[in-house]
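*Asks:* Numbering of the sequence shown is given in the working numbering, commencing with residue 16 and proceeding in unit increments. Note that the Cβ used here is the ideal one computed from N, Cα and C, for glycine as well.
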Amino acid sequence: MKPDSPSRLLRRAAAFFQVATLAAGALALTVEAADDRVKVDNDHARVLVVSSPPGAKSELHEHKMNRVMIYLDPGKMTLTDTAGAVETLDFKAGEVLWSAVTTRPHVSFNVADHSVRIVEVELKSKPDGAKAANPPDLDWVRLDPKHCKVEIDNEQVRVVRARYGPHEKGVLHEHAWSYVVVFLTDCRLKVTSADGQSGTAIKVPGDVTAGRPSKHVEENLSDKPLEVMVVEFKK
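So this is what it looks like as structure tokens:
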């Protein structure tokens, strides 16, 4: 057998590196796509915005952290565990649910005829039975019940739904805990701190921002109602 000519070896090498480059590019795109789902990742939580196409079925998996699930779209999903037990979730747009650590691996299946976007807040703290600090004196839930409603309140988190009508303004309040804000509607929100400094946030549904303990007032600058879900981390 004749040895390969230098030109043939060069063509083979070029083909190999082309395949390797394409493979590396595909891997990079996969990693980037996965990272694009993560909107916040700090000491308190990892927050992902995921989209499930109609008929999508997940791999067998489990969840080792308690989660807060915020649904941006209406839909229906089934969860089937390894014992064959099936749980059906029917949810509305803007609904929030508590999702505890799973006891068995399961497969999720989107049985709706449309895509469903979900904000998953994975809690990094662990329930330990210790009492969390009380809300501050300037607690917005107590001071502004017109705009604030508690949806979930447990050892790890307090989840508050805040709604402001067109051009409505809240009251000065304090966040004693770190938190994330999930925007459920389009938003033009003016935030003024206790020392008078202000800024405007322009957001769309599904945007997520992280906040630290602070005092401020919110004002809806839009002609339309504004709605957000705020997950406050007690630990």
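Thinking C-alpha only, which one of D105, L87 and D88 is nearest L94?
*Replies:* Translated into the one-based positions of the sequence shown, residue 94 becomes position 79. Measuring from the Cα of L94, the nearest candidate turns out to be D105.
*Asks:* Taking N125 as the reference, which of V206, R178, S67 and P89 has the closest Cα?
*Replies:* Residue numbering aside, residue 125 sits at position 110 when the sequence shown is read from its first letter. If we check each option's Cα against that of N125, S67 comes out closest.
*Asks:* Spatial neighbours of L138 within its chain, please: C-beta separation below 8 Å, excluding the five flanking residues on both sides.
*Replies:* Mapped onto the sequence shown, residue 138 falls at position 123. Result list for L138: H59, A60, M80, N81, R82, V83, Q171, V172 and F248, in chain order.
*Asks:* Between the alpha carbons of L153 and E74, how many angstroms are there, rounded?
*Replies:* Taking the first residue of the sequence shown as 1, we reach residue 153 at position 138. Taking the first residue of the sequence shown as 1, we reach residue 74 at position 59. Going from the Cα of L153 to the Cα of E74 covers about 45 Å.
*Asks:* Assuming P69 and H129 form a contact by the criterion Cβ under 8 Å, report the distance between their Cβ atoms to the nearest whole angstrom.
*Replies:* Start at 1 with the first residue of the sequence shown, and residue 69 comes out as number 54. Start at 1 with the first residue of the sequence shown, and residue 129 comes out as number 114. Their Cβ separation, rounded to whole angstroms, is 6 Å, which keeps P69 and H129 in contact under 8 Å.
*Asks:* Is the beta carbon of V196 less than 8 Å from the beta carbon of V243?
*Replies:* Looking up residue 196 in the sequence shown gives position 181. Looking up residue 243 in the sequence shown gives position 228. Their beta carbons are under 8 Å apart, which means V196 touches V243 by this criterion.
*Asks:* First and last residue of the alpha helix (DSSP H) that includes W113?
*Replies:* Start at 1 with the first residue of the sequence shown, and residue 113 comes out as number 98. Here W113 belongs to no alpha helix (DSSP H); instead the beta strand (DSSP E) covers V111 to S114.
*Asks:* Who are the near neighbours of D222 in its chain, counting only those whose CB is closer than 7 Å to its CB and skipping five residues on each side?
*Replies:* Residue 222 sits at position 207 when you count from the first residue of the sequence shown. Cβ neighbours of D222 beyond the five flanking positions: F198.
*Asks:* Measuring only the C-alpha atoms, how far is P120 from Y86?
*Replies:* Within the sequence shown, numbered from 1, the residue matching residue 120 stands at position 105. Within the sequence shown, numbered from 1, the residue matching residue 86 stands at position 71. Distance between the alpha carbons of P120 and Y86 is about 22 Å.
*Asks:* How would you call H162, buried or exposed, if buried means at least 16 neighbouring beta carbons within 10 angstroms?
*Replies:* To locate residue 162, count along the sequence shown from 1; it is residue 147. Under this definition H162 is a buried residue.
*Asks:* Give a yes or no on whether the C-beta atoms belonging to P240 and T215 are separated by under 8 Å.
*Replies:* Working through the sequence shown from its first residue, we reach residue 240 at position 225. Working through the sequence shown from its first residue, we reach residue 215 at position 200. The answer is no: Cβ separation not under 8 Å.
*Asks:* Pull the bridge partners of G60 from the DSSP assignment, please.
*Replies:* Here residue 60 is taken as the residue at index 45 of the sequence shown, counted from 1. Note on residue identity: the sequence assigns Ala, not Gly, to residue 60. DSSP, once it has assigned bridges, lists L138 as partnering A60.
*Asks:* Expressed to the nearest angstrom, what Euclidean distance is found between the alpha-carbon atoms of V165 and V156?
*Replies:* Reading the sequence shown from its first residue, position 150 is the one you call residue 165. Reading the sequence shown from its first residue, position 141 is the one you call residue 156. Spanning the two alpha carbons is a distance of roughly 7 Å.
*Asks:* Distance, Cα to Cα, C202 vs A177?
*Replies:* As a working note, residue 202 is residue 187 in the sequence shown. As a working note, residue 177 is residue 162 in the sequence shown. About 12 Å.
*Asks:* If you measure from the beta carbon of H78 to each beta carbon in chain B, is any gap under 8 Å?
*Replies:* Of the protein chains in this structure there is only one, and it is not chain B.
*Asks:* Pick out the complete alpha helix (DSSP H) segments inside the segment 145-175, 4 residues or longer, and give them in chain order.
*Replies:* Qualifying alpha helix (DSSP H) stretches, in chain order: 155-158.
*Asks:* Take the Cβ of V65 as the centre, count every other Cβ of all protein chains shown within 10 Å, and call the residue buried at 16 or more, exposed below.
*Replies:* By one-based count along the sequence shown, residue 65 stands at place 50. Looking at its Cβ environment, which holds fewer than 16 other Cβ atoms inside 10 Å, V65 is exposed.
*Asks:* Evaluate Y179 with the Cβ neighbour count: other Cβ atoms within 10 Å of its Cβ, from every protein chain shown; 16 or more gives buried, anything less gives exposed.
*Replies:* Here residue 179 refers to the residue found at position 164 when the sequence shown is read from its first residue. Classification of Y179: buried, given that the 10 Å Cβ count is 16 or more.
*Asks:* Check each candidate in T117, D210, V62 and D168 and name the one with the smallest Cα separation from H188.
*Replies:* Along the sequence shown, read from residue 1 onward, the residue named residue 188 stands at position 173. Cα-wise, what sits closest to H188 is D210.
*Asks:* What does a CB cutoff of less than 8 Å around D159 pick up in its chain, not counting 5 residues either side in sequence?
*Replies:* Walking along the sequence shown from the start, residue 159 turns up at place 144. Counting only Cβ-Cβ distances below 8 Å, and skipping sequence neighbours, we find G185, V186 and H188.
*Asks:* Any idea what DSSP makes of L104, helix, strand or coil?
*Replies:* In the sequence shown, residue 104 corresponds to position 89, counting from 1. It is a strand residue.
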